[in-house]
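Student: Residue numbers (the UniProt record's numbering), protein chains in the order written: chain P, 1 to 358; chain X, 1 to 443; chain F, 1 to 272; chain U, 1 to 317.
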Amino acid sequence: MFYREAGQFKTSYEKDQALFPIRQDKIGLGVILLIAFVVIPLTANDFFLASIMIPFLVFSLAAIGLNVLTGFCGQLSLGTGAFMGVGAYAAYKLTTIFPDVNVILLVLTSGIFSAIVGAIFGLPSLRIKGLYLAVTTLAAQFFLEWCFIRIGWLYNYNASGAIEIPTREMLGVVISGAEATPLARYFVVLSITVVIAFLISNVLRGRIGRSWMMIRDMDIAAELMGIRPLQTKLMAFAVSSYICGVAGAMMVFFWLNAAEPSSYSITLSFQILFMVILGGLGSVGGAFMGAAFIWILPIVLRAIPSMLGVDIGAETVEHLAFMVIGALIIFFLIVEPHGFARLWQIAKQKLRVWPFPY
Amino acid sequence: MKHLKTWSFAAALAVGVTAVGIAPQPVQAQDSNYVPLLTYRTGPFAGSGIFIANGMNDYLQMLNERDGGIGGVPIEIEECETSYNAQKGVECYESTKGKGALVYNPYSTGITLQLIPKASVDKIPVLSVGYGLSAAAIGNVFPWVFNAPTTYWDGASVVVKYIGEQEGGMENLQGKKIGYIFLDAGFGREPIPLLEQLAETYGFELLQYPVPVAQMQSQSSQWLNVRRDRPDYMVMWGWGAMNPTAIKEAAKIRFPMEKFIGVWWSAGEDDAGAAGQDAAGYKAMNFSGVGTDFPAIQDIKTYLVDTGKTQTDEEMLGTTLYNRGVLNSVIIAEGIRTAQELTGKKVINGEDMRMGLEALNLTEERLAELGLSGFSYPIQITCEDHAGSHPVFIQEWDGERFVKISDWIEPMSDVVRPLLEAAAADYSEKNAPWPERSEACAQ
Amino acid sequence: MNAYVGAEKLPVAGDPEREELLRVDNVSLSFGGVKAITDISFDILKGEIRAIIGPNGAGKTSMLNVINGFYHPQEGTITWQGKVRRKMKPYEAASQGIARTFQNVALFKGMTTLDNIMSGRSLKMHKNFFWQLLWRGPAEREEIEHRRKVEDIIDFLEIQAIRKTPVGRLPYGLQKRVELGRALAMEPDLLLLDEPMAGMNLEEKEDMSRFIIDVNQEFGTTIALIEHDMGVVMDLSDRVVVLDYGKKIADGPPEEVQASQAVIDAYLGVSH
Amino acid sequence: MLYDIFVDPFVQMYQMPDFFLQVLWEGFVAGILYALIALGFVLIFKASGVFNFAQGIMVVFAGLTLVGLHENGVPAFLALILTIGVMGVLAYGIERVVMRPLVNQPDIILLMATIGLTYFLIGFGELIFGGEPKRMITEELGLPTGSTAFEFGERGLVILQHIDIAAAVIAILMVTALGIFFNKTRIGRALRAVADDHQAALSVGISLNQIWAIVWFAAGLVALATGIMWGARSDVSFALEIIAFKALPVLILGGFTSIPGAIIGGLIIGFGEKIAELYWGGLVGGGIESWFAYIIALIFLLFRPQGLFGEKIIERV
């Protein structure tokens with residue numbers, strides 16, 4: 001009843017091409033932003049902010065980044081973790097070299113380095129497709145991980161081999177380092193994620209986004225229509241890696257506070273890939289849903305036994321969580337291979353025609 | 001199918017909504033002292049982690065069962081599984097710190113590094129018993145971090161000292177080759193600066209064999225290199241699945257086991273046991289007692305193992321790493337007791353705990369009172385020295401069990417201490433602005 | 001045979017006044033020893049509808065692939081608007097004004113009809129990445145300007161109703177029509193159609209024939225098409241080239257070709 | 001520098017031939033084990049087009065089941081038979097619950113499903129048998145444990161572990177058995193038919209479901225053999241899973257569908273990475289084994305995208 005587009009007529013192409021052409025969707029987005037920027041900061045406790053919302057947003061951004069490459073341009077990558085790592089190490093080096101520059105600016109700049117690295121490892125994509133390409137991105141993953149361990153310069157030759165984030169302020173508020181409150185870090189992460197998500201949505205609906213989807217759907221036809229495959233794919237690699245790099249830098253600067261090379265391991269790559277697949281390939285909104293599912297579900301699963309008062313060991317819970325996540329992944333792939341984004345659309349479709357079944 | 005889709009989406013939504021609902025509220029338990037234990041009983045490091053987790057758990061639980069806790073207040077123990085994973089470790093930290101956590105034992109150098117800067121902000125001390133950041137020994141720079149009884153650098157100096165003794169004097173180290181095989185992570189790399197320094201001082205050659213975490217279980221290349229380089233001694237800094245593999249590989253290339261010395265984290269019975277008789281002669285450092293001949297361990301058996309209140313098997317009691325976990329909990333318990341004495345409070349908080357740990361003095365008499373006579377070298381922590389650089393001993397695997405073969409060996413504090421201070425200064429400079437110590441010294 | 005009413009042909013066949021758009025000279029193509037095309041030469045004049053016919057496996061599609069640079073012939077040259085070329089990247093052909101449709105519809109399945117046709121405008125849109133990021137302003141204006149052109153094509157092809165439908169869900173006939181629209185959006189000088197009517201029913205074929213003729217006459221687009229339906233070919237095309245086993249066996253106006261003994265033999269499968 | 005790269009390694013090889021032989025042997029053994037994992041991948045990919053990421057975890061799961069059963073008092077050989085049974089049940093279950101409902105989905109979805117399966121098996125295996133590494137029951141299974149040293153010259157020494165020899169022998173037997181199975185048995189021929197053309201196979205009355213269950217079972221057996229061998233070299237734990245990634249470059253080299261390709265690819269990677277690590281790795285700080293295989297695969301792909309044994313692909317429109 002309340003989700004009807006009847007009576008909303010587009011009188012110009014501008015309106016028809018808006019990100020959210022249906023009025024209810026616009027209102028919905030407004031409500032979500034209101035919750036994110038006002039309600040959550042007012043009500044949530046530190047644990048919720050620091051351990052649920054911040055990682056969720058960081059992962060959402062990374063999932064958007066990978067989605068650009070895999071969901072929109074159709075290039076399967078298993079090197080996301082390493083590209084995030086490049087961002088993190090670059091941002092860390094930048095803060096060492098330019099201690100006085102605003103840390104947010106440095107985090108945003110660090111993405112450029114991972115964009116360059118991403119584009120270099122994207123070069124084979126001209127000749128290699130599908131699963132084969134996935135294996136070459138694994139080369140990036142393992143090689144870069146090795147670099148993070150072996151190149152002492154990257155972590156300022158710390159004896160520990162880890163990067164530790166210094167305390168930095170912006171407008172008198174501490175936003176990075178241990179003293180930064182979860183609330184301050186939350187606002188930074190939220191703002192960066194929302195802005196990048198908005199900007200990339202613009203790209204995705206325009207000429208460049210279309211050229212990526214052309215390559216994804218039918219690369220030969222795209223090429224015969226004047227799309228330069230290498231240029232287009234490399235751009236997707238660069239843009240995707242930029243976003244992942246920023247997410248990786250945020251991960252260490254505003255969430256973990258310190259990172260070892262193993263923080264950016266293949267496990268992270270898989271985690272992000274799951275978010276993208278379960279959320280829905282080729283959907284920015286889906287990236288958020290997938291990130292929420294993959295990050296929050298285990299936390300919930302771990303909390304369930306103690307909530308129910310069942311006394312089982314922490315590791316048993318962990319094992320059960322693994323089983324349940326694995327089973328749910330398979331379940332959702334079977335039920336809807338196009339991810340939560342498609343489920344969301346189906347749900348909206350139902351609302352639209354409600355109370356009639358079709 | 002259509003219905004299934006709608007339902008599953010509803011389910012997913014419900015999960016999301018519940019997630020928001022379950023965010024735990026900060027609870028300050030009024031009638032107990034809350035000690036979260038960051039453990040790992042799963043993952044590649046579980047082989048070592050389970051022993052530690054059981055040891056830590058059992059001693060505290062035994063105090064609850066036998067004495068009703070510490071100072072009449074029960075200890076609330078909560079395990080949080082980290083799988084040795086830094087992300088999960090931080091999540092565990094965030095989810096437990098609001099409940100009035102007294103102290104954290106991350107059992108991972110990676111997680112320790114993440115908690116160090118948070119400790120002073122959240123006012124909860126970090127206790128890394130014989131691991132973590134060596135430089136944290138400098139109490140004036142790291143008032144919230146404790147790494148008693150000794151640091152990796154102290155340990156590395158003991159190894160070199162011991163090798164020197166074997167060779168009949170430190171001067172005989174000249175021209176010798178010492179191989180260092182280590183887990184290529186923060187943990188394994190910690191001692192390198194000290195080893196390099198000692199190599200320069202004593203004129204031996206240090207050969208490094210890093211083992212990446214992903215390659216822990218296939219070390220044949222590292223050991224082939226060892227075979228080629230023919231070092232006179234091998235020193236190992238390993239953990240989890242790395243240990244048994246390394247010892248097996250060493251046996252495979254016929255490296256003389258009696259010249260292979262591990263850090264105290266490579267001292268597990270399962271580590272050496274994997275190669276059985278072939279590992280006879282393998283040595284490891286240790287600072288906690290081996291065996292069950294301690295009244296406190298017997299109490300654990302009586303109160304917990306025999307009554308089935310623990311996951312610990314009887315065979316696990318008294319093993320090196322299990323006892324290490326016990327020692328860890330002894331330090332926690334004594335820290336709580338000291339804090340109670342200092343503050344006069346029964347239920348303490350993290351700040352009190354910090355004072356308690358800083359004033360910790362585990363004398364020989366006190367150890368005897370605890371039923372742990374000779375279990376550990378007397379441990380004393382001071383405001384300046386949070387590690388204490390206590391001596392360690394060497395134990396040898398005889399094919400079936402570890403046997404203590406040396407006296408307590410003092411580390412080369414004269415070399416180590418200045419390096420620790422330099423490292424602490426370096427840390428605070430790299431992490432500027434690092435807070436100045438503002439906590440008063442309780443002693 | 002005579003179902004195609006209204007298909008009025010312009011008398012262009014062999015018209016010396018007409019400018020030559022494309023010339024293929026002695027082109028040969030083989031894959032690992034298997035000859036697909038042997039020594040073929042023909043030309044396409046500006047404004048005509050040129051048909052390429054032949055039995056299955058005659059090398060027709062390979063010929064189109066050679067023309068738009070997807071395959072590189074081992075021998076021979078191609079002259080495009082007076083310039084000789086031998087080897088080029090497929091995307092260069094597009095920028096020179098060659099567009100095509102495919103035998104098995106090669107639409108972008110995940111995209112809507114509108115986006116598919118908009119994709120044909122890719123080469124004509126130039127606003128860079130940073131304008132795209134902002135959207136408001138130049139990028140949006142450019143998008144709308146091209147959207148207008150695309151809407152004209154949508155009107156022309158009478159597919160307004162399926163504008164926002166993902167093409168994967170459309171029936172085959174409509175997909176072919178969208179594919180034609182996509183090629184038209186490129187505003188090509190030469191339009192290559194690979195079996196535009198394969199798998200269509202009579203009514204759909206009539207519609208498609210009408211579109212092809214309209215495109216040719218209204219926009220003056222030169223068309224080269226491959227088609228199996230001889231009726232369609234005879235009615236639509238100005239000139240026909242016939243291939244068999246990779247060789248050219250006839251070339252000329254439909255009636256002439258139809259009468260050629262070689263062509264009849266080829267179609268009846270007389271062994272050579 | 002140039003000397004270190006181009007001359008010194010070869011001088012070393014010449015001067016210490018015993019050591020070089022030892023390196024080759026280690027490379028050979030590692031290669032055999034990579035090849036075994038790759039073989040499991042190939043079997044499933046050939047028959048169903050599924051890129052089975054769970055092969056690595058199946059190795060661990062099989063080993064864990066075997067050891068876990070033995071720890072609970074089951075005699076070694078009975079445990080072995082029971083484990084084979086468990087792998088059979090697992091294969092049937094995977095076909096029923098995972099593969100059948102996902103038939104005709106894109107590659108990436110199937111890949112993801114097998115990663116989901118990986119998570120499930122990790123949780124399930126650890127839940128039942130515990131998460132700590134276990135010692136492989138090598139002796140109990142009657143596998144050799146000692147080693148033989150060949151000494152020659154003054155300091156010449158090559159040590160061969162009996163278990164490694166056994167691994168090589170078992171691998172060869174396994175490949176031979178699979179070869180016979182594929183070529184001589186009815187099911188094997190049906191399997192090849194399926195690999196060539198699903199539709200055609202269906203139309204001559206071959207049950208795809210049955211075939212899939214069989215290949216998953218065969219892959220499970222290969223996994224069990226791999227698990228025993230690798231477990232005997234270090235121990236049985238989920239950390240082994242990471243090593244399974246090494247099978248991917250092997251597949252790239254050998255082609256996704258070629259059994260001889262998997263073996264040869266495995267050996268190339270095994271030899272290549274050991275030689276590179278020991279003679280060149282030191283120049284960049286060591287540890288290059290972790291990525292060397294992937295870089296070989298990547299360079300190889302650039303020149304021969306279809307693998308060693310694949311046919312050149314002609315793109316069509």
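Each residue gets a CB set at the ideal place from its N, CA and C atoms; glycine is no exception.
Note that the structure is predicted; figures quoted are calculated from it, not measured.
Strictly under 8 Å for the Cβ-Cβ distance: is U/Gln55 near chain P by that measure?
Tutor: Stepping through the fourth sequence from its first residue, residue 55 of chain U is reached at position 55. With 8 Å as the cut-off, U/Gln55 does not count as an interface residue toward chain P.
Student: Whole angstroms are fine: how far does the CA of F/Gln258 sit from the CA of F/Gly231?
Tutor: Taking the first residue of the third sequence as position 1, residue 231 of chain F is located at position 231. Taking the first residue of the third sequence as position 1, residue 258 of chain F is located at position 258. Roughly 11 Å between the two C-alpha positions.
Student: Using a Cβ-Cβ cutoff of less than 6 Å, which residues in the same chain neighbour P/Gly111 once the five nearest sequence positions on both sides are dropped?
Tutor: The count along the first sequence starts at 1 and reaches residue 111 of chain P at position 111. Taken in chain order, the residues that qualify are Gly87, Tyr242, Gly245, Val246.
Student: Taking the alpha carbon of U/Phe256 as the point to measure from, which residue in U/Asn72, U/Gly40, U/Thr176 has its own alpha carbon closest?
Tutor: Locating residue 256 of chain U in the fourth sequence gives position 256, counting from the first residue. Looking at the Cα atoms, U/Gly40 is the closest of the given residues.
Student: Chain U beta carbons: is any one of them nearer than 8 Å to that of P/Phe293?
Tutor: Along the first sequence, read from residue 1 onward, the residue named residue 293 of chain P stands at position 293. Closer than 8 Å: no.
Student: Does the beta-carbon distance from U/Glu47 to U/Leu66 come in below 8 Å?
Tutor: Residue numbering aside, residue 47 of chain U sits at position 47 when the fourth sequence is read from its first letter. Residue numbering aside, residue 66 of chain U sits at position 66 when the fourth sequence is read from its first letter. Note on identity: in this sequence residue 47 of chain U is Ala, with Glu being the wrong assignment. Here U/Ala47 is not near U/Leu66, since their CB atoms are 8 Å or more apart.
Student: Taking CB distances under 8 Å as the criterion, tell me whether F/Arg169 reaches chain P.
Tutor: As a first step, residue 169 of chain F is located in the third sequence; it is residue number 169 there, counting from the start. So no, F/Arg169 is outside the interface.
Student: The stretch 124 to 137 of chain F: which residues have C-beta closer than 8 Å to a C-beta of chain P, in chain order?
Tutor: Listed in sequence order: Met125, Lys127, Phe129, Gln132, Leu133, Leu134, Trp135.
Student: Should the stretch 405 to 414 of chain X be called in touch with the stretch 167 to 186 of chain X, which here means at least 3 C-beta pairs below 8 Å?
Tutor: Verdict: no, contact absent.
Student: Put X/Cys383 into one of helix, strand or coil per three-state DSSP.
Tutor: Against the second sequence, residue 383 of chain X aligns to sequence position 383. The answer is coil: DSSP assigns X/Cys383 none of H, G, I, E or B.
Student: Quick one: grab the DSSP three-state call for F/Arg50.
Tutor: Against the third sequence, residue 50 of chain F aligns to sequence position 50. It is a strand residue.
Student: List the whole-angstrom C-beta distance separating P/Met225 from F/Ser122, where the pair is believed to meet the contact cut-off of C-beta under 8 Å.
Tutor: Against the first sequence, residue 225 of chain P aligns to sequence position 225. Against the third sequence, residue 122 of chain F aligns to sequence position 122. Indeed, because the Cβ distance is near 6 Å, the residues count as touching under 8 Å.
Student: Hey, how far is the Cα of F/Gln261 from the Cα of P/Val135?
Tutor: Sequence index remark: in the third sequence, residue 261 of chain F carries index 261 (1-based). Sequence index remark: in the first sequence, residue 135 of chain P carries index 135 (1-based). Spanning the two alpha carbons is a distance of roughly 56 Å.
Student: Which residue comes first and which comes last in the beta strand (DSSP E) that contains U/Phe152?
Tutor: The sequence position of residue 152 of chain U within the fourth sequence is 152, counting from 1. Here the beta strand (DSSP E) through U/Phe152 covers 147 to 152.
Student: Check distances from the C-beta atoms of the stretch 284 to 309 of chain U to those of chain C and list, in chain order, the residues that come in under 8 Å.
Tutor: Reference to chain C is not applicable here, since the protein chains of this structure are P, X, F and U.
Student: Taking the alpha helix (DSSP H) that U/Ile259 belongs to, which residues open and close that run?
Tutor: Here residue 259 of chain U refers to the residue found at position 259 of the fourth sequence. Segment 259 to 279, the alpha helix (DSSP H) holding U/Ile259.
Student: Considering only residues of the same chain and omitting the five flanking positions on each side of X/Ile22, which have a CB-CB separation below 8 Å?
Tutor: The residue you call residue 22 of chain X lines up with position 22 of the second sequence. Below a pLDDT of 50, predicted positions are generally treated as unreliable, and X/Ile22, at 45, falls in that range; no measurement from the model is reported.
Student: For the beta strand (DSSP E) that contains F/Arg85, what are its first and last residues?
Tutor: If you number the third sequence from 1, residue 85 of chain F lands on position 85. Per DSSP, the unbroken beta strand (DSSP E) holding F/Arg85 starts and ends at 83 to 85.
Student: Is there a Cβ of chain U sitting closer than 8 Å to that of X/Gly21, yes or no?
Tutor: Counting from one through the second sequence, the residue named residue 21 of chain X turns up at place 21. Confidence at X/Gly21 is low in this model, with a pLDDT of 45, below 50, so its placement is unreliable and the value that follows should be read with caution. Not one chain U Cβ lies under 8 Å of X/Gly21.
Student: Looking only at DSSP bridge pairs, what is P/Ala258 linked to?
Tutor: By one-based count along the first sequence, residue 258 of chain P stands at place 258. In the DSSP output, where bridge partners are listed per residue, P/Ala258 has P/Glu164.
Student: Can you give the Cα-Cα distance for F/Leu22 and F/Trp80, rounded to whole angstroms?
Tutor: Within the third sequence, the letter at position 22 stands for residue 22 of chain F. Within the third sequence, the letter at position 80 stands for residue 80 of chain F. Answer to the nearest angstrom: the Cα atoms are 5 Å apart.
Student: Please determine, among X/Lys97, X/Phe255, X/Thr343, X/Trp237, the residue with the shortest C-alpha to C-alpha distance to X/Gly155.
Tutor: Mapped onto the second sequence, residue 155 of chain X falls at position 155. Per the Cα distances, X/Trp237.
Student: For U/Asp235, which residues of its own chain have a beta-carbon under 7 Å away from its beta-carbon, when the five flanking residues on both sides are left out?
Tutor: Your numbering for residue 235 of chain U matches position 235 in the fourth sequence. Result list for U/Asp235: Pro133, Lys134, Arg135, Met136, in chain order.
Student: If I measure Cβ to Cβ from X/Val416 and keep anything under 8 Å in the same chain, skipping five residues before and after, which residues do I get?
Tutor: In the second sequence, the residue the question calls residue 416 of chain X occupies position 416. Hits under 8 Å: Thr151, Trp153, Asp154, Ser157, Leu194, Ser389.
Student: Going along chain F, which residues have a C-beta under 9 Å from P/Arg216?
Tutor: Indexing the first sequence from 1 puts residue 216 of chain P at position 216. Phe108, Gly110, listed in chain order.
Student: Taking the C-alpha atoms as reference points, what is the distance between P/Asn158 and X/Asn140?
Tutor: The count along the first sequence starts at 1 and reaches residue 158 of chain P at position 158. The count along the second sequence starts at 1 and reaches residue 140 of chain X at position 140. Cα to Cα, the separation comes out at about 20 Å.
Student: Give the interface partners of X/Gly325 over in chain U, defined as CB-CB distance under 9 Å, in chain order.
Tutor: Position 325 of the second sequence, counted from the first residue, corresponds to residue 325 of chain X. Simply none; closest approach about 14 Å.
Student: Taking the CB atoms as reference points, tell me whether residue 445 of chain X and X/Pro149 lie closer together than 8 Å.
Tutor: With chain X covering only 1 through 443, there is no way to say anything about residue 445 of chain X.
Student: Hey, out of X/Asn85, X/Ala185, X/Pro125, whose CA is closest to X/Gly356's CA?
Tutor: Sequence index remark: in the second sequence, residue 356 of chain X carries index 356 (1-based). If we check each option's Cα against that of X/Gly356, X/Pro125 comes out closest.
Student: Can you give the Cα-Cα distance for X/Gly47 and X/Trp265, rounded to whole angstroms?
Tutor: Translated into the one-based positions of the second sequence, residue 47 of chain X becomes position 47. Translated into the one-based positions of the second sequence, residue 265 of chain X becomes position 265. X/Gly47 and X/Trp265: Cα-Cα distance of roughly 12 Å.
Student: Report the rounded CA-to-CA distance for U/Ala218 versus U/Arg304, giving the unit in angstroms.
Tutor: Numbered from 1 along the fourth sequence, position 218 holds the residue referred to as residue 218 of chain U. Numbered from 1 along the fourth sequence, position 304 holds the residue referred to as residue 304 of chain U. If I take the Cα positions, the gap works out to 30 Å.
Student: Thinking just about the alpha-carbon of each residue, which of F/Gly173, F/Arg169, F/Ala198 is nearest to the one in F/Glu158?
Tutor: Here residue 158 of chain F corresponds to residue number 158 of the third sequence, with the count starting at 1. Nearest C-alpha to F/Glu158 among F/Gly173, F/Arg169, F/Ala198: F/Gly173.
Student: Who does X/Tyr104 pair with in a DSSP beta bridge?
Tutor: Looking up residue 104 of chain X in the second sequence gives position 104. The partner list for X/Tyr104 (beta bridge, DSSP) reads X/Val126.
Student: If we count Cβ pairs, one from each stretch, closer than 8 Å, do we get three or more for the stretch 84 to 102 of chain U versus the stretch 294 to 311 of chain P?
Tutor: no
Student: With DSSP collapsed to three states, give me the class of F/Leu21.
Tutor: Position 21 of the third sequence, counting from 1, holds the residue named residue 21 of chain F. It is a strand residue.
Student: Applying the 10 Å Cβ sphere with the 16-neighbour rule, what's the burial state of P/Val307?
Tutor: Position 307 of the first sequence, counting from 1, holds the residue named residue 307 of chain P. Going by the sequence as given, residue 307 of chain P is Met instead of Val. Its Cβ having fewer than 16 others within 10 Å, P/Met307 is exposed.
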